[in-house]
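Report on one structure; see the data block that follows.
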Amino acid sequence: MMASIILPGLIDPHVHLRDPGQIHKEDFFTGTSAALAGGYTTVVDMPNNAEPIFSEKKLDEKISIARQKAVCDIGFNFGTLGDNFDQFSNVYDKVAGLKVYLNITTGGFIIDKKKLAEIYQAWESDKPIFLHAEDDVSDLVLSTLRSIPRRTHICHVSSQAELEFVMKAKDEGLPITCGVTPHHLFLNETEGDKLGAFGHMKPLLKPEKDRQFLWDHLDGFDIVESDHAPHTKQEKQSDNPPFGVPGLETTLPLILTAEAEGKLTRSQLLAKLHTNPAKLLGLQTDQTTKIEVDMSEYEINNEDLKAKCGWSPFAGRRVIGKVKKVILRGSTVYKNGSLAAEAGSGRIIQ
Ligand code: NCD
Ligand code: ZN
Ligand code: ZN
Numbered sequence: 014m015m016a017s018i019i020l021p022g023l024i025d026p027h028v029h030l031r032d033p034g035q036i037h038k039e040d041f042f043t044g045t046s047a048a049l050a051g052g053y054t055t056v057v058d059m060p061n062n063a064e065p066i067f068s069e070k071k072l073d074e075k076i077s078i079a080r081q082k083a084v085c086d087i088g089f090n091f092g093t094l095g096d097n098f099d100q101f102s103n104v105y106d107k108v109a110g111l112k113v114y115l116n117i118t119t120g121g122f123i124i125d126k127k128k129l130a131e132i133y134q135a136w137e138s139d140k141p142i143f144l145h146a147e148d149d150v151s152d153l154v155l156s157t158l159r160s161i162p163r164r165t166h167i168c169h170v171s172s173q174a175e176l177e178f179v180m181k182a183k184d185e186g187l188p189i190t191c192g193v194t195p196h197h198l199f200l201n202e203t204e205g206d207k208l209g210a211f212g213h214m215k216p217l218l219k220p221e222k223d224r225q226f227l228w229d230h231l232d233g234f235d236i237v238e239s240d241h242a243p244h245t246k247q248e249k250q251s252d253n254p255p256f257g258v259p260g261l262e263t264t265l266p267l268i269l270t271a272e273a274e275g276k277l278t279r280s281q282l283l284a285k286l287h288t289n290p291a292k293l294l295g296l297q298t299d300q301t302t303k304i305e306v307d308m309s310e311y312e313i314n315n316e317d318l319k320a321k322c323g324w325s326p327f328a329g330r331r332v333i334g335k336v337k338k339v340i341l342r343g344s345t346v347y348k349n350g351s352l353a354a355e356a357g358s359g360r361i362i363q
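Right under this line is the structure:
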């Protein structure tokens with residue numbers, strides 16, 4: 014049997030746990046259970062709920078639900094369409110950051126592009142602005158950042174053009190970071206097509222040459238973020254399937270497998286799954302929160318997942334690295350496939 018390794022608790026700044034409003038897809042208990050099973054001890058939830066998190070009231074409601082159900086630490090992003098600036102100063106102390114959608118995706122909360130500069134002006138906080146910004150809006154993002162240089166994290170960079178834009182902004186010294194998802198690293202457009210709706214997410218999967226570019230420029234990325242975006246099998250099989258795939262339980266094993274294949278180093282893994290997300294979110298971490306990972310090989314199976322949707326685009330893959338134990342602030346909260354934490358024992362990150 015292969016040995017186990019110890020890693021710090023992983024931090025994912027980009028998940029959609031669907032609570033409240035769409036708890037048939039996921040909820041704070043199942044979503045944070047999936048997080049622990051995947052080696053994450055902190056996640057940040059996005060605001061594109063059925064009723065989006067555009068007001069302090071909605072945010073407070075969401076936080077109080079999470080307080081009852083979360084089994085790992087959890088933070089929240091606020092949302093905007095550019096018409097709720099009066100709420101901003103009330104939420105600075107309650108959120109991880111602000112999320113802005115510049116392209117069409119699940120929920121449909123895309124902003125009028127003319128509003129981006131106003132939003133940047135209004136967000137008078139050091140907490141980052143998370144952007145869903147694909148290639149077609151990169152010039153707008155660049156010019157906005159040049160005139161109003163607020164901390165910005167570009168979510169789920171998926172192509173050569175998108176990564177080149179971020180690298181250029183970094184070269185200019187702009188306060189920008191970016192994330193890549195495991196699906197954009199481990200699946201190309203052709204493989205996505207074979208998966209049908211189960212390989213359908215925003216940004217769309219890209220041709221193999223883009224995927225290769227991402228691997229060839231891995232240090233252009235600060236963070237590997239799961240963009241855990243669960244939908245039910247039934248929804249995915251419908252005539253109008255929603256965008257998004259789950260990812261909390263498959264990200265670490267995919268990355269550890271790539272490490273074993275020599276595609277990245279342990280220090281890159283630690284930077285992208287722990288240190289850089291901690292820095293982005295301003296989190297202190299210490300030795301009392303850690304995970305033990307069994308380094309033997311296994312197959313990803315839908316049946317083993319804690320995520321409520323019960324499927325993964327990576328089902329059937331052979332990977333290395335199954336989380337055996339999770340210790341959160343000194344307490345064992347997950348062990349050998351079973352949860353060992355009470356609902357509500359996770360902390361709210363503010
Ligand atoms: C996400 C979702 O389902 O909420 N979907 C996706 O395809 N990534 C939204 C998003 O992150 O764009
Ligand atoms: Zn997005
Ligand atoms: Zn997302």
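Under this note's numbering, the first residue of the sequence shown is numbered 14, with each subsequent residue one higher. For each residue, glycine too, the CB sits at the ideal point set by N, CA and C.
- Distances taken from the Cβ of K337 to the heavy atoms of ligand 2 include none shorter than 7 Å.
- Assignment of D139 by DSSP, reduced to helix, strand and coil, places it in the coil class.
- In the DSSP secondary-structure assignment, R331 is bridged to E312.
- At least one heavy atom of ligand 3 lies less than 7 Å from the C-beta of H29.
- Residues whose Cβ lies closer than 5 Å to any heavy atom of ligand 2, listed in chain order: T118 and H145.
- Residue range L23 to V28 is occupied by the beta strand (DSSP E) that includes V28.
- For D58, the shortest C-beta to heavy atom distance toward ligand 3 is 7 Å or greater.
- Boundaries of the alpha helix (DSSP H) around S160: S151 to S160.
- Annotation: the segment 256 to 290 contains the following complete segments of the alpha helix (DSSP H) (minimum length 4 residues), in chain order: 264 to 273 and 279 to 283.
- Per DSSP, the beta-bridge partners of F89 are D58.
- For I76, the enclosing alpha helix (DSSP H) begins and ends at E69 to K82.
- By DSSP's assignment, E305 forms a beta bridge with I19 and K338.
- Within the segment 200 to 240, complete alpha helix (DSSP H) segments of at least 4 residues are found at 202 to 208 and 221 to 229, given in chain order.
- Looking at the backbone, the Cα of S280 and that of G212 are separated by about 30 Å.
- Taking C-alpha positions only, P162 is separated from E316 by approximately 46 Å.
- As summarised for the segment 101 to 142, the continuous alpha helix (DSSP H) elements at least 4 residues long and confined to that stretch are 129 to 135, given in chain order.
- According to the DSSP assignment, K348 belongs to the beta strand (DSSP E) that extends over S344 to K348.
- Under the three-state reduction of DSSP, T190 is assigned to strand.
- At least one heavy atom of ligand 1 lies less than 7 Å from the C-beta of D240.
- Only residues of its own chain outside the window of five on either side were considered, and among them L176 and M180 have a CB closer than 8 Å to the CB of H230, listed in chain order.
- DSSP links H166 through a beta bridge to F143 and T190.
- In this structure, the C-beta of G44 stays at least 7 Å away from each heavy atom of ligand 1.
- Taken atom to atom, the span from the alpha-carbon of G52 to that of V336 is near 6 Å.
- Around the Cβ of I132, a 10 Å sphere holds 16 or more other Cβ atoms; the residue is buried.
- According to the DSSP assignment, L318 belongs to no alpha helix (DSSP H), since it is labelled neither H nor E.
- Three or more Cβ pairs closer than 8 Å define a contact, and the segment 80 to 91 meets that threshold against the segment 51 to 69.
- The C-beta of P195 has 16 or more other C-beta atoms within 10 Å across all chains shown, which makes the residue buried.
- In chain order, N61 and P65 place their CB closer than 7 Å to the CB of G120, counting only its own chain and leaving out the 5 sequence neighbours on each side.
- Contact check between the segment 338 to 348 and the segment 285 to 305: three or more CB pairs, one atom from each, fall below 8 Å, which counts as touching.
- Membership of Q297 in any alpha helix (DSSP H) is not indicated, and neither H nor E is assigned to it by DSSP.
- Closer than 7 Å to some heavy atom of ligand 1: that describes the Cβ of K215.
- The Cβ-Cβ distance between I361 and I76 falls below 8 Å.
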